[in-house]
Every structure is written in structure tokens, then in C-alpha cells.
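Okay, so the sequence shown: first residue is 10 according to our numbering, each after it adds one.
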Amino acid sequence: MNEINRDKALVVFSGGQDSTTCLFWALRRFREVSALTFTYGQKHQIEVEYAERIARENGVKWEQMDVSFISKLGANSLTHPEILMDAEKPVNALPNTFVPGRNLFFISIAAVYAREHGINHLITGVSQTDFSGYPDCRDAFIKSLNVTLNLAMDEQFVIHTPLMWIDKCETWALADEMGVIDYIRTQTLTCYNGISGDGCGHCPACKLRREGLEKYLLQKGASQ
Ligand code: ZN
Numbered sequence: 010m011n012e013i014n015r016d017k018a019l020v021v022f023s024g025g026q027d028s029t030t031c032l033f034w035a036l037r038r039f040r041e042v043s044a045l046t047f048t049y050g051q052k053h054q055i056e057v058e059y060a061e062r063i064a065r066e067n068g069v070k071w072e073q074m075d076v077s078f079i080s081k082l083g084a085n086s087l088t089h090p091e092i093l094m095d096a097e098k099p100v101n102a103l104p105n106t107f108v109p110g111r112n113l114f115f116i117s118i119a120a121v122y123a124r125e126h127g128i129n130h131l132i133t134g135v136s137q138t139d140f141s142g143y144p145d146c147r148d149a150f151i152k153s154l155n156v157t158l159n160l161a162m163d164e165q166f167v168i169h170t171p172l173m174w175i176d177k178c179e180t181w182a183l184a185d186e187m188g189v190i191d192y193i194r195t196q197t198l199t200c201y202n203g204i205s206g207d208g209c210g211h212c213p214a215c216k217l218r219r220e221g222l223e224k225y226l227l228q229k230g231a232s233q
């Protein structure tokens, strides 16, 4: 584990596995950690309740930000069901669950918020390894946005992406290293059907999460 950085950090926080892992990652490195949870139309209120509770339990200052305009701006299958009719897309097209501009808005808003609170470290759980084809989860985008935000506000923001180069299995390993694998497994919400912990078991989010966990537990068992 690295040395504690005596600075403040802001986590873009959904209350799911990835951003909760990032929250603990931040708590081990920064003097003061805040979390910002965005709501954008398709989110269940229960997800926000999980995020708030996790933040509170871990002494993290928490705030909710409504950015539901994002879903109105761009067409995606979550807010425009008729798009499902165009399922026959070219192989290389983006998934229709892609919310255009989401991470651009989230991280930009987080940066403005951070600036107002004297914070220059921003943390997001995006991963190029498990990026599902979303361009705004890729390292090049994050690095480009970091430069843009610094130029836009004449600041020295540092965007941290602890999960950028690791997959779900390795994300569970990171949680275990930090001693929080049981907490993340039982207290976070990743499921599209709003069921916490191991979730409904069959939605895409649950499948990705469970397959990563099973792979990790198998590896761990084999190494013991
Ligand atoms: Zn599920």
C-alpha cells in the first residue's frame, strides 16, 4: 500500500462494486475523502440510498447531484426504449446502453465541485479492461479530459483511475487486499434489478460481477 497523501480527494461514486473499491482505495491514500453521486434518469433511488449509506458508514462526506438532463440530451436504450427496435447494428457499433457524454459530464462536474471545495484529486472507477465498448471509459479519454479540465479552470487536477487496467476478478483481488471484500460483496449494489450483494444473479451487471468473483475465489483457493 502506498503512503498516505495528505490531500483531499473526491470519488465519483455510484455505490456499486467498482466505485466502492475506489472509495476504499482513496481512504487509504488521502487525508479527507468526499463522494459525489450522480443521478441521471434511469437510476433507481435505491442505488442512491446505498451510496449514501456506504459513504456515511465510512466517514465520507457525501453529496448527490442531479444530472438527469444527460438522458434527455442523448438517445440510449435506457431512456428511449424504441431504440431497441434497431437492434441490428453493425458489429462495431456502440452498445445501446451507452449514455453519450456521461463520464464527460460526471467528471467535469466533479472537477468544478472539487475546485469549489479545495480538492484536486479526482477518482473514478472506469476501466479500459472491462469497458464494454464505452469510449468514455478509456485511458486516452481520461488523460485528455484531465488536460482539458486543467486548462479550463487553470487548476492542477489529477484524475486517478485505480481500475483502469484491471478486470473484475482483479478488482475483487484489490478489495481483498484492502480487507473489504466481504463489505463490498454484501453492502454494495451493482444489479440492474436493484438487488444488493450478490444481486439477482442473471442481469448483465450481476453476471460480470459474479464471474469475476468466482474466478477470484477459485484462484485464491488454488493458491492456498
Ligand atoms: Zn442483477
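The beta carbon of each residue, even a glycine, is placed where N, CA and C say it ideally should be.
- request: For Phe78, name the three-state secondary structure that DSSP assigns.
  value: Against the sequence shown, residue 78 aligns to sequence position 69. Under the three-state reduction of DSSP output, Phe78 falls in the helix class.
Opening and closing residue of the beta strand (DSSP E) in which Val63 lies: Here residue 63 refers to the residue found at position 54 when the sequence shown is read from its first residue. With the sequence shown as reference, residue 63 is identified as Ile, and Val is not the correct amino acid for it. Where Ile63 is concerned, there is no enclosing beta strand (DSSP E), although the alpha helix (DSSP H) it sits in stretches over 54-66.
task: Could you spell out where the beta strand (DSSP E) holding Thr195 opens and where it closes?
output: In the sequence shown, the residue the question calls residue 195 occupies position 186. Here Thr195 belongs to no beta strand (DSSP E); instead the alpha helix (DSSP H) covers 190-196.
Option in Tyr201, Leu222, Met162 with minimal Cα separation from Ile55: The count along the sequence shown starts at 1 and reaches residue 55 at position 46. Among Tyr201, Leu222, Met162, the Cα nearest to that of Ile55 is on Tyr201.
query: Of the residues Arg62, Ala184, Glu66, which one's Cα is nearest the Cα of Cys31?
result: What you label residue 31 is simply residue 22 of the sequence shown in a count that begins at 1. For Cys31, the closest C-alpha among the options Arg62, Ala184, Glu66 is that of Ala184.
Spatial distance of Val20 from Gln73 (CA atoms): As a position in the sequence shown, residue 20 is number 11, starting the count at 1. As a position in the sequence shown, residue 73 is number 64, starting the count at 1. Near 12 Å, if we compare the C-alpha coordinates of Gln73 and Val20.
field: Range of the contiguous beta strand (DSSP E) that encloses Ile132
entry: Here residue 132 is taken as the residue at index 123 of the sequence shown, counted from 1. In the DSSP assignment, Ile132 falls within the unbroken beta strand (DSSP E) covering 130-132.
task: Measure the Cβ-Cβ separation of Thr199 and Gly25 and say whether it is below 7 Å.
output: By 1-based counting over the sequence shown, the position of residue 199 is 190. By 1-based counting over the sequence shown, the position of residue 25 is 16. A contact, by the Cβ cut-off of 7 Å.
task: Would you give the residue range spanned by the alpha helix (DSSP H) that Leu172 belongs to?
output: Reading the sequence shown from its first residue, position 163 is the one you call residue 172. Secondary structure note for Leu172: it is in no alpha helix (DSSP H), with a DSSP letter that is neither H nor E.
message: So, with DSSP's three-state summary, where would you put Asp163?
response: The sequence position of residue 163 within the sequence shown is 154, counting from 1. The answer is coil: DSSP assigns Asp163 none of H, G, I, E or B.
- prompt: Relative to ligand 1, what is the chain-ordered list of residues with a Cβ closer than 7 Å to any of its non-hydrogen atoms?
  reply: Cys200, Tyr201, Asn202, Ile204, Gly208, Cys209, Gly210, His211, Cys212, Ala214, Cys215
Three-pair Cβ contact test at 8 Å for the stretch 126-146 versus the stretch 169-176: yes
- prompt: Is Leu172 near Ala120, with beta carbons less than 7 Å apart?
  reply: In the sequence shown, the residue the question calls residue 172 occupies position 163. In the sequence shown, the residue the question calls residue 120 occupies position 111. No; because the gap between Cβ atoms is not below 7 Å, this pair is not in contact.
Local conformation of Ala18 per DSSP, three classes: Your numbering for residue 18 matches position 9 in the sequence shown. Per DSSP, reduced to three states, the secondary structure at Ala18 is strand.
message: Only counting the same chain, and skipping five residues up and downstream in sequence, which positions put a Cβ closer than 7 Å to that of Ile151?
response: Sequence index remark: in the sequence shown, residue 151 carries index 142 (1-based). Hits under 7 Å: Val135, Ile168, Thr170.
- request: Determine, using beta carbons only, whether Asp145 and Asn112 come nearer to each other than 7 Å.
  value: For the purposes of this step, residue 145 is taken as residue 136 along the sequence shown, with counting starting at 1. For the purposes of this step, residue 112 is taken as residue 103 along the sequence shown, with counting starting at 1. A contact, by the Cβ cut-off of 7 Å.
query: Among Leu36, Ile63, Ser23, Arg37, which residue has its Cα nearest to the Cα of Thr195?
result: Mapped onto the sequence shown, residue 195 falls at position 186. Minimum Cα distance to Thr195 is reached at Ile63.
- prompt: Which same chain residues, not among the five before or five after Gly142, have their C-beta less than 6 Å away from its C-beta?
  reply: Sequence index remark: in the sequence shown, residue 142 carries index 133 (1-based). If we look at Gly142 and ignore the five residues flanking it on each side, its Cβ neighbours are Leu103, Pro104.
- prompt: From Asn67 to Tyr192, what does the alpha carbon distance come to, in whole angstroms?
  reply: Walking along the sequence shown from the start, residue 67 turns up at place 58. Walking along the sequence shown from the start, residue 192 turns up at place 183. Cα to Cα, Asn67 sits roughly 11 Å from Tyr192.
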